Amino acid sequence: MSAAIDYLLHLADNALVLGQRNAEWCGHGPILEEDIALSNVSLDLIGQARLLYQLVATLKGGECTEDKLAYFRDTHEFRNYTLLELPHHGPLSGYAQSDLDYGTTIVRNFLYSALMALLWEALEKSANADLAAIAAKSLKEVRYHLRHSRDWLVRLGDGTDESHARVQASLDHLFPYTQEFWVQSPAEAAAIAAGIGIDVTTLRADWDAIVDAALAEATLQRPAVGGYISEGKQGIHSEHLGFLLAEMQSLARAYPNGVW
Amino acid sequence: MTTQLKEWPLWEIFVRSKQGLEHKHCGSLHAADAAQALEMARDVYTRRQEGVSIWVVESKAITASNPDEKGELFDPAADKIYRHPTFYEIPEEVGHM
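Those sequence lines, one after another, are chains V and C.
So in numbering that gives the first Met the number 0, spot 251 of the first sequence is number 250, and the numbers just go up one at a time.
So in numbering that gives the first Met the number 0, spot 3 of the second sequence is number 2, and the numbers just go up one at a time.
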């Protein structure tokens with residue numbers, strides 16, 4: 000039971016945190032059409048998070064609801080990859096709207112979607128039938144997210160000198176955070192043992208193939224990785240998640256049980 | 000040397016609905032090329048399950064009739080009701096025409 004809950008929260012928090020991050024572009028997209036496209040991606044992700052939180056709430060029973068899980072847990076209780084909570088720009092940039100970098104948004108969506116396109120497909124065979132059903136629904140969505148972000152990755156990478164340099168910088172910044180994908184957490188190990196979860200390391204070769212093919216088409220260099228490995232999925236986060244949660248949770252905390 | 004465009008070209012979007020037999024014009028959008036126009040049309044015009052198929056056509060490829068010539072082009076058809084197939088019954092086996 001606990002193995003399932005921890006694993007489902009990891010999947011749910013991934014979707015919610017990235018959905019919330021990408022929603023920052025709503026009304027600020029580089030062009031109208033892209034604004035709508037990215038908002039659609041966010042709504043898909045928040046929809047996935049809702050289904051997963053509802054499932055967790057059912058498993059936990061009692062007073063637990065999807066809203067309590069999304070709005071009344073604190074930073075250290077979130078189990079998302081650190082990659083997904085980072086701002087839409089490189090390190091040491093300002094926080095102004097004008098500092099948002101679309102290349103960073105696209106690179107992150109690409110790296111995560113490439114993983115989830117494989118993981119959701121594998122999770123269709125989960126021993127948990129509810130999770131298998133959520134995986135089937137989410138797979139269609141993430142295939143589109145991958146298509147969308149890959150398309151832009153190639154356009155920016157194989158675009159102008161400036162777009163190439165900027166998207167390469169985004170890739171250099173974000174790529175090391177993908178190391179977290181491949182280091183198994185205790186929660187993942189427990190879920191795999193219970194037949195609920197998937198060992199993502201078995202997906203690594205396929206992920207590499209998707210990433211390398213796209214980077215080659217985009218004329219981008221795959222960065223060498225090493226050094227610090229982030230641990231967001233174990234509740235050890237960057238300084239950025241707290242600000243994201245503050246914005247996302249403030250309304251629900253100021254007006255508990257509020258409806259409209 | 001290719002000329003650099005300041006703005007992306009305009010595309011006309013046609014969507015076929017689940018029940019529809021033909022693609023209907025539903026609007027336009029800006030995109031760098033046809034493939035991107037198709038992706039964007041999916042997000043802009045089929046968010047509410049409006050379609051099962053999309054066509055995109057660059058707006059400049061469309062030649063339109065002149066609104067000022069409406070009278071000479073279309074009014075002469077007004078008094079020729081015998082051109083409407085309303086004077087005979089269509090057998091049911093024929094189905095949709």
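The C-beta atom is built at its ideal place from N, Cα and C for all residues, glycine as well.
Every value quoted in this text rests on a predicted model; they were computed, and no experiment measured them.
- Under the rule that a run must span 4 or more residues, the alpha helix (DSSP H) segments found entirely inside the segment 76-138 of chain V read 101-122.
- With fewer than three CB-CB distances shorter than 8 Å, the segment 56-73 of chain V does not count as touching the segment 141-160 of chain V.
- Proximity of chain C to H147 (chain V) at the Cβ level (cut-off 7 Å) is accounted for by E38, in chain order.
- As DSSP reads the structure, F13 (chain C) sits in a beta bridge with C:H24, C:W54.
- Cα atoms of E6 (chain C) and I235 (chain V): separation of roughly 45 Å, rounded to the nearest angstrom.
- Uninterrupted alpha helix (DSSP H) stretches at least 4 residues long and entirely within the segment 135-205 of chain V occur at 160-173, 185-192, given in chain order.
- The segment 138-149 of chain V and the segment 174-182 of chain V do not touch, with fewer than 3 CB-CB distances between them shorter than 8 Å.
- In the structure shown, H83 (chain C) adopts coil according to DSSP, grouped into three states.
- The C-beta of Y101 (chain V) comes no closer than 9 Å to any C-beta of chain C.
- For H27 (chain V), the secondary structure class from DSSP, reduced to helix, strand or coil, is coil.
- By the criterion of a C-beta distance shorter than 7 Å, A121 (chain V) is surrounded in its chain by I197, L202, once the five residues flanking it on both sides are discounted.
- At a cut-off of 9 Å, the C-beta of N39 (chain V) has a neighbouring C-beta in chain C.
- Contact check between the segment 2-19 of chain V and the segment 183-190 of chain V: three or more CB pairs, one atom from each, fall below 8 Å, which counts as touching.
- Interface annotation, L173 (chain V): not in contact with chain C, CB-CB separation never under 9 Å.
- Looking at the backbone, the Cα of R41 (chain C) and that of S125 (chain V) are separated by about 31 Å.
- Taking the Cα positions, A251 (chain V) is about 41 Å away from A34 (chain C).
- If you draw a straight line from the Cα of D12 (chain V) to the Cα of F77 (chain V), it comes to about 6 Å.
- Counted as a single uninterrupted DSSP element, the alpha helix (DSSP H) harbouring E246 (chain V) occupies residues 239-253.
- Taking 9 Å as the cut-off, the beta carbon of R107 (chain V) is found closer than this to the beta carbon of L17 (chain V).
- Pairing H27 (chain V) with L99 (chain V) gives a Cβ-Cβ distance under 9 Å.
- In the three-state DSSP reduction, E91 (chain C) falls in the helix class (H, G or I).
- Between D129 (chain V) and L54 (chain V), the CB-CB gap stays under 9 Å.
- The CB of D150 (chain V) comes closer than 8 Å to the CB of A34, Q35, E38 in chain C, given here in chain order.
- For the segment 10-35 of chain V, the set of residues with a beta-carbon nearer than 9 Å to any beta-carbon of chain C comprises I30, L31, E32, E33, I35, in chain order.
- Residues of chain V whose Cβ lies closer than 7 Å to the Cβ of L28 (chain C) are, in chain order, E32.
- Put simply, of V:F109, V:N127, V:D34 the residue whose alpha carbon is nearest the alpha carbon of H144 (chain V) is V:F109.
- M39 (chain C) has its alpha-carbon roughly 7 Å from the corresponding atom of E33 (chain V).
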